[in-house]
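For the sequence shown, position 25 matches number 25 in our numbering, and the numbering has no gaps at all. Even for Gly, the Cβ is constructed at its ideal location relative to N, Cα and C. Below: one structure, written as structure tokens.
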Amino acid sequence: MPGKSFALYVARTAGTPVTATSANISGEAPARSADEVIRYFGEDVDIVIDSGPAPGEKPSTIIDMSGGTIRLVREGVIPYDEILKAARNR
């Protein structure tokens, strides 16, 4: 998350971590713009904040830590080995 991003602003304002995955239907390409989000999800979305086109081509990386270990659900923009390395350094 870039240091001056809108997402960072939202997390700081909320005072709590904020999580989200890429905006797409499972198996489909991630939405790259607010218009694509609306086309994918229509009225199922309450609000779309348009801060311009999404950077990159890969979807978000999703991990599951509910079992006490780090399990990869979907590898995306952050490689799984980088997540494991960061976890070991905590």
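Assigned with DSSP and collapsed to three states, Ile62 falls in strand. Taking 8 Å as the upper bound for CB-CB distance, Asn24 and Ala31 are in contact here, some 6 Å apart.
The three-state secondary structure of Val10, taken from DSSP, is helix. Rounded to whole angstroms, the Cβ separation of Val37 and Ser60 is 14 Å, and the two are not in contact under 8 Å.
When beta bridges are read from the DSSP output, Leu72 appears opposite Ile63. Going by C-alpha positions, Val10 is about 22 Å away from Ile63. Sequence-distant Cβ neighbours of Tyr80 in its own chain, meaning closer than 6 Å and more than five residues away, are Leu72. Pairing Pro53 with Ala29, the inter-Cα distance amounts to about 14 Å.
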